[in-house]
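Residue numbers (our numbering): 11 to 416.
Below is one structure, written out as structure tokens, with a few remarks after it.
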């Protein structure tokens with residue numbers, strides 16, 4: 011089994027299409043969290059705006075709203091017209107809208123540019139998900155789903171660390187990092203091509219004999235669970251900057267903490283194929299949610315060292331559960347519906363991200379940071395226990411569920 015996974019990874023690193031898709035995966039992390047270290051500075055820069063407190067917090071998840079609304083439509087377009095054009099258009103929008111915060115005059119217009127950025131991200135993620143299903147299968151697909159989470163985290167580590175340094179110069183400077191994505195366009199133009207559309211009878215990624223109603227019901231459950239997972243995870247990039255600011259730390263510390271989260275996530279995502287082969291999908295959920303629960307529990311303590319350890323634990327847990335959602339969807343969705351399935355799954359990620367500060371900010375006002383982090387830890391621990399119970403039930407049913415342990 012291990013030799014199979016190693017061979018798959020070696021094959022992926024020799025495939026220009028895989029490398030291109032991995033670079034595209036890094037953009038999705040840049041989209042939201044790159045400006046996190048600059049949030050307190052932006053709030054002070056636009057202090058005359060009566061809505062500055064909530065608007066600055068919404069700048070990070072603002073792209074999520076656009077993705078949530080546009081990704082399903084982008085998925086339909088990808089199934090009908092192909093993936094390549096959507097991917098290229100998405101990167102162009104990413105560069106233009108992402109860097110617009112360098113010169114826009116106020117928070118409302120910056121917020122609007124973040125919404126346009128989200129449209130670009132929706133096109134990128136939807137096309138990328140469908141292309142992974144089109145180009146790869148079996149062990150290669152499993153390895154690539156883990157590697158793309160790793161690429162997102164290592165890319166996030168680099169970009170958020172750069173943003174933390176840039177935020178020390180000016181709260182606007184982190185927006186310049188989005189312009190770096192322009193260097194990817196020539197590679198994508200040369201390497202990415204659309205594959206022929208499968209015939210209606212071709213099963214593609216779906217397991218043989220899977221009922222349409224069965225995959226849709228299972229898919230709906232995954233969508234809801236992924237939305238909740240991202241709602242909880244996104245408490246970190248949206249609230250941790252203000253948590254550190256309240257303790258007298260600047261953007262550099264925030265950037266380092268978020269970089270720690272990304273580094274831990276990148277390392278653990280590399281282990282996803284091995285962990286999955288050992289404990290199965292349900293087991294990955296147990297380990298991932300337990301690690302996230304531990305991380306939020308450590309944040310409750312409030313010391314600098316434990317806060318960094320908590321961020322690392324949250325990043326590691328999230329990096330394990332994230333590729334599981336994508337792997338399951340690509341396994342059960344019919345090939346002709348990969349674009350739509352990828353679009354809806356993408357939408358669920360960003361619905362959770364956008365709702366996160368809307369729920370967590372009032373919770374901080376009512377229960378302080380310690381109450382928010384403690385309640386989140388308790389909920390994630392419950393999700394880990396529920397996943398463990400589901401794993402036991404799945405074993406008793408002899409692996410008939412699509413979320414088989416092996």
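Just so you know, even glycine gets a beta-carbon here, dropped at the ideal spot from N, CA and C.
This one's a predicted model, so the numbers in the text were calculated from it and none came from an experiment.
With a floor of 4 residues, list each alpha helix (DSSP H) that falls wholly inside the stretch 279-360, ordered by position along the chain. 282-311, 314-342
Just to confirm my understanding: we take residue 379, look at its own chain, exclude 5 residues before and 5 after, and list those with CB closer than 6 Å. What are they? 253
Out of curiosity, what's the CA-to-CA distance linking residue 403 and residue 355? 25 Å
Return the Cβ separation of residue 292 and residue 323 in integer angstroms, given the expectation that the two are a contact with Cβ distance under 8 Å. The pair is not a contact, with the Cβ atoms about 20 Å apart (cut-off 8 Å).
Residue 80 in three-state terms, based on DSSP: helix
Using a 10 Å radius around the Cβ and a threshold of 16 neighbouring Cβ atoms, would you call residue 150 buried or exposed? buried
Residue nearest to residue 137 in terms of C-alpha spacing, selected from 382, 384, 357, 60: 357
So for residue 133, helix, strand or coil by DSSP? helix
Tell me the residue span of the alpha helix (DSSP H) that contains residue 255. 245-256
Cβ-based burial, residue 372 [other Cβ within 10 Å; buried from 16]: exposed
Go through its chain and collect everything with a Cβ distance to residue 120's Cβ below 6 Å, but skip five positions before and after it. 111, 114
Alpha carbon to alpha carbon, how far is residue 350 from residue 135? Give it in angstroms, no decimals. 12 Å
Could you give the distance in angstroms between the alpha-carbon of residue 49 and the alpha-carbon of residue 99? 28 Å
Backbone secondary structure at residue 44 - three-state DSSP: coil
Taking the alpha helix (DSSP H) that residue 157 falls in, what are its first and last residues? 148-179
Reduced DSSP category for residue 403 - H, G, I as helix; E, B as strand; rest coil: helix
Count the other CB atoms, across all protein chains shown, that sit within 10 Å of the CB of residue 230; report buried if there are 16 or more and exposed otherwise. exposed
Which residue's Cα is closest to the Cα of residue 247: 364, 76, 148? 364
Please tell me whether residue 163 and residue 329 are closer than 8 Å, where the distance is taken between their beta carbons. yes
Could you give the distance in angstroms between the alpha-carbon of residue 160 and the alpha-carbon of residue 154? 9 Å
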